[in-house]
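Visitor: First to last, the protein sequences are chains A and B. Position 60, counted from 1, in the first sequence is what the working numbering calls 60; the numbers after and before it change by one each time, with no gaps. Heads up: take any position in the second sequence, counting from 1, add 329, and you land on the working numbering. Before I ask anything, let me first share the structure, which is written out below as structure tokens.
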Amino acid sequence: MKTKKPGYDRYARYGYFFSIPFVIAYLLFSLYPTLYTAVIGFTDLKGIGATAIHFLKDDPFRNFKTVLTNPSFKQGFKNTVGIWLCNFVPQMLLALLLAAWFTDRRSKVGAQGLFKVLLYMPNIITAATIAILFAAFFGYPMGPVNDLLVRFGLVEKPVELLRNKTTARGVVVFIQTWMWYGSTMITLISGILGISPEIFESADVDGANRVQTFFYITLPNIRTILLFTLVTSLIGGLNMFDIPRLFLNGGPDNATLTTSLFIYNQAFSGSYMYNRAAAGSMIMFVIIGILSAALFFVMRDRDEGKLRKQIKLQQKEYSRKMKAERRNA
Amino acid sequence: MLDNKQNRVMKVIIYVVCIFLAALSILPFWIMIVNATRSTYQIQQHAVSLIPSGYLMNNLKILLGKSFNPAVGFANSLIISVGATVLSIYFSSLTAYAQVAYNWKLRDAFFSFIMVVMMIPGQVTMIGFYQMVYKIHMTNRLSMLILPAIAAPTMVFFMRQYLQPTLSMEIVQSARIDGAREFRIFNEIILPIMKPAIATQAIFSFVAQWNRLFEPLVLLTDKSKYTMPVMVSLLKGDIYKTEYGSIYLGLTLTVLPLIIVYLLLSKYIIAGVALGSVKG
């Protein structure tokens, strides 16, 4: 056996070995496609079956300019942000309210497990199916919604509801909210249950009522989870594709067109403009990259904060022990 | 006294809202399943009914008579979901173990990298991925949807979070003394320790893979390779235009497996969401 330098850890190399499959798969299936997408954004790659790359000579940023000035892209971006906002706000409010109710110690809600299971259910169902199901619900002339409207005398004749832009957008917003509030609720509940019960007890002792407890204790203590939910939801929202694509395919008149759907249409539905689609993708990539970097720093700081707290606690414990020992001695 | 009364009113409000929301979760699927058993004529008369009818077989005949093939979609979705889930579980656990058990120079840098890229969705790099796959003539291969699962940053993150406080290096040390190799230690000792984390992650990975639409829609053009969500988009086209009963039946067939699995495993799924699933 050869002798090794002192401090040499002969097992360290396994850290590299065991990370190899991940690294190879990541390079091949994620990093390379990312770079390739970026490159295509600067080329004239278009047409069915085209793969040859020619860089744009006159103006390397032409695709980016075309996309950014394209009225459909602008409309799609506006829709994406608008639909996300209109679903996130009610989703968050509803989830907060339910989470506050389910964790309230004064009025213990029974059958909580059952409610959680049912409220979360829409989240696991295939979005593609839900989109088509809702399109069928709003069918004209005889979808279930029209049936109900006529039966209850709200309208005399069936209406072609989804012709209206606001209604179409509203339904997409509803589907998104309906699919996601359960998930947000459960995340928030687990966050609230993670708060130390002593804080709530001392609030009780101080005579804080429900509303005060919620706003002054619960909310500030789940700040990071709220932020985490915000950023993940925003990233998911910016990629919204399944519902708008299969519900009305972006219509009527681009009212439910999202950026993802715009990108998909540029490349894969008849026009084969891979270069423009790639430029659009990279624009979204940059926006999402900035968002996730922000989240990364927040999460890292929180972890460090936790660590510091733990070290402090251990030090306290240690000095207490030392004191006790001295007293015994 | 007053407080008690107030409490009771509060409770009633809470139950009313919760029951309303629960009904909102169930009704759309209920109407879908009931309409799958009703004839097109019945649906045209009254599209909402809570009572099933007897036209299920008739609808099934019409549904299968055209291009919608639930058996093929089911098989393809199952292959992709199982394959991708197994790969991502195994290799994410391995990568997480490398993070927790060994002291290597690039460890922390690597973990920071994972945390940075974990939020980036595959969708935004799809053009490059498609071009790459097209060039090597691998479109319409299910493997192109399975193999990328080997690198699943989000899952590595959660596996590491689980393993960090759970793993005691003493077990590993004593196995080493017994002469076990590192790779065997991972397979025979570490993987069993990780069972609870593996179970939750497996459920979520499976559901996410099963529901995926964007990537299969781009890569799979051959009908015999369609997955369930891609297959379901056929119901939107002209072929089933007025066959309402069959459309509802087709939709039902795509989600029935999910609903059954969900109701069986709901306890674990809810617990898993509480641990924090990173999704939109």
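We treat Cβ as the ideally placed atom computed from N, Cα and C, and that holds for glycine.
Would you say K464/B faces chain A, with C-beta separation under 8 Å as the test?
Guide: yes
Visitor: Can you check which of these residues, V341/B, V345/B and A376/B, is closest to P357/B by C-alpha distance?
Guide: A376/B
Visitor: T51/A: which of A504/B, Q460/B, F397/B and A427/B sits nearest, CA to CA?
Guide: Ranking A504/B, Q460/B, F397/B and A427/B by Cα distance to T51/A puts Q460/B first.
Visitor: The stretch 242-271 of chain A: which residues have C-beta closer than 7 Å to a C-beta of chain B, in chain order?
Guide: Under the 7 Å Cβ criterion, the stretch 242-271 of chain A contributes D242, L246, S260, A267 and F268.
Visitor: Under 6 Å Cβ to Cβ from T424/B, same chain only, skipping five residues before and after it: list those, please.
Guide: V485
Visitor: Suppose contacts are defined by Cβ-Cβ distances below 8 Å. Is V109/A in contact with I343/B by that definition?
Guide: Cβ distance < 8 Å, so V109/A and I343/B count as in contact.
Visitor: Between the Cα of F214/A and those of I40/A, L98/A, A128/A and G250/A, spot the shortest distance and give me the residue it belongs to.
Guide: L98/A
Visitor: Listed in chain order, which residues of the stretch 526-539 of chain B have Cβ atoms closer than 8 Å to some Cβ of chain A?
Guide: Within the stretch 526-539 of chain B, V536 and W539 place their CB atoms closer than 8 Å to a CB of chain A, listed in sequence order.
Visitor: With 8 Å set as the bound, which would you pick, yes or no: does the beta-carbon of D58/A sit closer than that to a beta-carbon of chain B?
Guide: no
Visitor: Interface residues of chain A around Y555/B at Cβ under 9 Å?
Guide: By Cβ distance, chain A contributes nothing, its closest Cβ being about 12 Å from Y555/B, past 9 Å.
Visitor: Buried or exposed: P477/B, going by 16 or more other Cβ atoms within 10 Å of its Cβ?
Guide: buried
Visitor: Examine chain B for any beta-carbon lying closer than 8 Å to the beta-carbon of Y26/A, and answer yes or no.
Guide: yes
Visitor: Thinking just about the alpha-carbon of each residue, which of W539/B, I465/B and V501/B is nearest to the one in Y426/B?
Guide: Distances from the CA of Y426/B to each of W539/B, I465/B and V501/B were compared; the closest alpha carbon is that of V501/B.
Visitor: Is DSSP giving F214/A helix, strand or coil here?
Guide: helix
Visitor: According to DSSP, simplified to helix, strand and coil, what is T495/B?
Guide: helix
Visitor: Examine the Cβ distances between the stretch 571-588 of chain B and the stretch 382-397 of chain B and report whether three or more of them are shorter than 8 Å.
Guide: yes
Visitor: From A600/B to R223/A, what does the alpha carbon distance come to, in whole angstroms?
Guide: 21 Å
Visitor: By Cβ distance, which residues of its chain are closer than 8 Å to A528/B, with the 5 residues on each side in sequence left out?
Guide: Y597
Visitor: Can you give me the start and stop residues for the alpha helix (DSSP H) that N79/A sits inside?
Guide: P71 to T103
Visitor: Would you report the Cα separation of G609/B and M447/B, rounded to the nearest angstrom?
Guide: Its pLDDT being 29, under 50, G609/B is placed unreliably by the model, and nothing is read from it.
Visitor: Using the Cα positions of G289/A and V338/B, report the straight-line distance between them to the nearest angstrom.
Guide: 47 Å
Visitor: Use the C-beta contact count for F166/A: other C-beta atoms within 10 angstroms, 16 or more gives buried, fewer gives exposed.
Guide: The question names Phe, yet the displayed sequence has Thr at residue 166/A. Exposed.
Visitor: Taking the alpha helix (DSSP H) that Q460/B falls in, what are its first and last residues?
Guide: M455 to K464
Visitor: Buried or exposed for E517/B, please, with buried defined as at least 16 other CB atoms from any protein chain shown within 10 angstroms of its CB.
Guide: exposed
Visitor: Nearest chain A C-beta to N432/B closer than 8 Å, yes or no?
Guide: N432/B counts as touching chain A.
Visitor: Return no unless some Cβ of chain B is closer than 8 Å to the Cβ of R105/A.
Guide: no
Visitor: If you measure from the beta carbon of Q373/B to each beta carbon in chain A, is any gap under 8 Å?
Guide: yes
Visitor: Taking the C-alpha atoms as reference points, what is the distance between F285/A and F22/A?
Guide: 22 Å
Visitor: Where DSSP assigns a beta bridge to F55/A, which residues make up the other side?
Guide: T43/A
Visitor: Using a Cβ-Cβ cutoff of 7 Å, what residues of the stretch 190-221 of chain A are near chain B? List them in chain order.
Guide: S190
Visitor: Could you check which residue in S30/A, T129/A and F115/A has the C-alpha nearest to that of V584/B?
Guide: T129/A
Visitor: Where T454/B and A277/A are concerned, what is the direct C-alpha to C-alpha distance, given to the nearest angstrom?
Guide: Per the coordinates, the alpha-carbon of T454/B lies some 10 Å from the alpha-carbon of A277/A.
Visitor: On a Cα-Cα basis, can you pick out the residue from P220/A, T126/A and A324/A that is closest to L246/A?
Guide: T126/A
Visitor: Near A95/A, what residues of its chain come up, given a Cβ to Cβ distance below 7 Å and the 5 sequence neighbours on each side ignored?
Guide: When the five nearest sequence neighbours on each side are left out, the beta carbons in the same chain lying within less than 7 Å of the beta carbon of A95/A are those of Y181, T184, M185 and L188, in order along the chain.
Visitor: Measuring only the C-alpha atoms, how far is R326/A from K312/A?
Guide: 21 Å
Visitor: How should Q315/A be labelled, buried or exposed, when 16 other C-beta atoms within 10 angstroms of its C-beta is the threshold for buried?
Guide: exposed
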